[in-house]
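Student:
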Amino acid sequence: MIRKTTLGLIICFTIGLCHAQTKIDPKTIADKMHWFEDAKLGIFIHAGIYSVNGIDESWSFHNKKISYADYMKQLKGFTLSKYDPATWADLIKESGARYAVITTKHHDGVAMYDTKQSDLNIVKKTPANRDMVKPFFDELRKRDIKCGVYFSLIDWSNKFYPGFLKDSSRYEVQNDYDRWSTFRMFFQGQITEIANTLKPDLWWFDGDWEHSAEEWEAEKVRHIILSRNKSAIINGRLQGYGDYTTPEQNFPVTRPPFNWWELCMTINDNWGFQPQDQNWKTPYEIITIFVDAVANGGNLLLDIGPKEDGTIPDQEVNVLKELGAWNKKNGEAIFGAKAGLPAGHFYGASTMSKDSTTLYLFVPAKTVGTLMIKGLDNKIEDITVVGNGAKLTPKVVGKISWSKVPGLVYIDLPENVQDKYMTVLKVKLDKPVKLYRGEGGL
């Protein structure tokens with residue numbers, strides 16, 4: 001994943017995100033984006049040789065925490081001895097996720113699939129001696145889960161790539177364009193073989209900040225992908241030629257200014273497996289983050305980092321199972337729903353049905369007191385607690401007969417009907433939601 005070391009680079013990256021979709025007209029891709037818009041939840045998988053020593057994926061040698069030679073020694077310890085792609089797919093299905101994205105190649109250049117473009121892959125260079133990606137995709141597709149590939153445009157191991165360590169590079173592109181063209185043929189060759197053999201539904205690019213769209217030939221890369229699968233979705237890290245944006249780790253305060261977006265986030269503080277990192281997010285924290293993303297019209301791409309033997313840490317398994325149980329109970333408020341009420345109408349997250357006749361209000365567990373909805377210019381026909389069917393009775397106050405301003409809706413939520421993580425209230429309306437957005441008074 002992307003890590004910036006200076007404020008200037010962070011600012012540049014932020015600006016880049018703001019313009020990540022400027023070259024793609026949303027109207028031309030709306031049809032293919034339907035499944036992504038409804039998916040809500042994806043599982044990100046950072047699998048790589050960095051899990052052998054439990055160190056930063058690629059960045060550890062780039063930032064000189066470890067020598068490149070010592071980093072690559074991890075190839076000898078990557079075994080996948082307990083890897084069972086069916087078990088992974090079952091867990092992802094249980095979580096409620098509709099898509100998964102797995103690393104095919106990180107910035108270290110080690111391919112996790114059987115690439116024919118280079119010998120630097122886990123089939124030829126590790127004891128695993130097997131392709132990790134294809135059997136996983138086969139299992140996902142059996143379960144009707146969309147398949148996504150993470151692909152780093154950067155390749156710090158390739159001798160034809162200019163970048164290497166944070167304070168040095170092999171050459172400048174403008175001074176050795178033939179060398180750069182050789183690298184472009186290489187990485188585009190890998191993209192072509194992935195498109196032909198794995199047929200991804202989604203491409204999750206990374207590393208585009210090191211070069212311009214022209215240098216990457218980003219438009220050509222998009223053409224390579226779409227000429228083989230016109231429905232493939234591409235994330236926004238392709239220098240303006242992506243379909244959606246993906247803010248990383250930190251939840252945006254306001255919805256990103258894109259038609260489609262996705263928050264990518266770890267369950268602890270790191271993408272790959274690092275045993276010393278025990279700062280695990282709780283199921284409650286993950287559920288609240290997930291709900292916030294959906295309430296703002298986005299998706300959550302939740303990361304797990306398998307160990308070198310192919311097993312998934314127990315803490316991550318627990319989070320996915322708990323999230324899945326909550327989704328099974330409350331899924332009608334999530335999957336297929338759309339963004340909810342604008343800020344100020346309800347002090348919490350909300351979604352609504354696609355026909356806008358049903359509101360879903362999300363209430364953290366053990367909430368004490370009365371809930372309130374402001375500016376709802378509808379008659380409430382029914383309020384129930386999703387998952388147990390308990391009926392609640394609203395009380396409307398402050399409605400003046402001669403005023404167009406709606407009253408305040410108060411709802412008492414008894415403790416005995418609350419979910420252990422996040423309670424969902426289903427508010428059925430007499431017609432599509434109508435909101436009063438005025439200043440009140442005469």
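If you count by our numbering, then the sequence shown holds residues 1 to 442, one letter each, in order.
Just so you know, even glycine gets a beta-carbon here, dropped at the ideal spot from N, CA and C.
Remember, it's a predicted structure, so these values are computed and weren't measured experimentally.
#1: By the 10 Å Cβ neighbour count, where 16 or more other Cβ atoms means buried, how is Q190 classified, buried or exposed?
#2: What residues in its chain sit with their C-beta under 7 Å from that of N158, if we drop five residues either side in the sequence?
#3: Considering Cα atoms alone, identify which of I373, D355, N327 is closest to Y347.
#4: Below 7 Å CB to CB, which residues in the same chain sit around F526 once its five sequence neighbours on both sides are set aside?
#5: Determine contact between the region 33–51 and the region 299–311, defined as no fewer than three beta-carbon pairs at a distance below 8 Å.
#6: Three or more C-beta pairs closer than 8 Å, one from the region 328–336 and one from the region 346–364: is that the case here?
#7: For A89, collect the residues of the same chain with a Cβ closer than 6 Å to its Cβ; drop the 5 residues on either side in sequence, then sort them by chain order.
#8: Note the first and the last residue of the continuous alpha helix (DSSP H) segment covering W449.
#9: Grab me the residues of A195's own chain with a C-beta within less than 7 Å of its C-beta, minus the 5 sequence neighbours each way, in chain order.
#10: D84 lies in the alpha helix (DSSP H); which residues open and close that run?
#11: Name the DSSP bridge partner or partners of V409?
#12: Starting from T192 and walking both ways along the alpha helix (DSSP H), at which residues does that stretch end?
#13: Report the three-state DSSP secondary structure of I225 (helix, strand or coil).
#14: Can you grab the Cα-Cα spacing for the pair K23 / G240, in whole Å?
#15: For V427, write down the residues that DSSP places opposite it in a beta bridge.
#16: Taking DSSP as the reference, what is the three-state secondary structure of F443?
#17: If we count the other Cβ atoms within 10 Å of its Cβ and call it buried at 16 or more, is Y161 buried or exposed?
#18: Are the beta-carbon atoms of G298 and E262 separated by less than 8 Å?
#19: Which runs of the alpha helix (DSSP H), 4 residues or longer, sit entirely within the region 292–333?
#20: What residues are listed by DSSP as bridge partners for L263?
#21: Between the alpha carbons of L17 and K395, how many angstroms are there, rounded?
Tutor: According to the structure shown:
#1: That one is buried.
#2: If we look at N158 and ignore the five residues flanking it on each side, its Cβ neighbours are G109, F183, F186.
#3: Of the candidates I373, D355, N327, the one whose C-alpha sits nearest the C-alpha of Y347 is I373.
#4: Residue numbering for the chain in the displayed model covers 1 to 442; residue 526 lies beyond these limits and cannot be assessed.
#5: Output reads yes: the region 299–311 touches the region 33–51.
#6: Three or more beta-carbon pairs drawn from the region 328–336 and the region 346–364 are found closer than 8 Å, and the two stretches are therefore classed as touching.
#7: Its chain contains E139, L140, R143 as the residues whose beta carbon lies nearer than 6 Å to that of A89, once the 5 sequence neighbours on both sides are disregarded; these appear in chain order.
#8: Residue 449 lies beyond the range of the chain shown here (1 to 442); nothing can be said about it.
#9: Cβ contact annotation for A195 (same chain, cutoff 7 Å, sequence separation greater than five): I224, I225, R228, N229, in chain order.
#10: That residue, D84, is in no alpha helix (DSSP H); it is neither H nor E in DSSP.
#11: Paired residues: I373, V396.
#12: It spans 177–197 - the alpha helix (DSSP H) in which T192 sits, taken as one unbroken run.
#13: Three-state result, I225: helix.
#14: One Cα belongs to K23, the other to G240, and the distance between them is close to 6 Å.
#15: Looking at the DSSP output, V427 shares a beta bridge with L359, I383.
#16: The requested residue 443 does not occur in the structure, where the chain is confined to residues 1 to 442.
#17: Of the residues assessed, Y161 falls on the buried side of the cut-off, its CB having 16 or more other CB atoms within 10 angstroms.
#18: The answer is yes: Cβ separation under 8 Å.
#19: Considered as a whole, the region 292–333 harbours 314–330 as its complete alpha helix (DSSP H) runs of no fewer than 4 residues, in chain order.
#20: As DSSP reads the structure, L263 sits in a beta bridge with L300.
#21: Residue placement at L17 is flagged as unreliable, the pLDDT there being 43, under the threshold of 50; the coordinate-derived value follows with that caveat. Each residue's CA atom was taken as its position, placing L17 and K395 some 44 Å apart.
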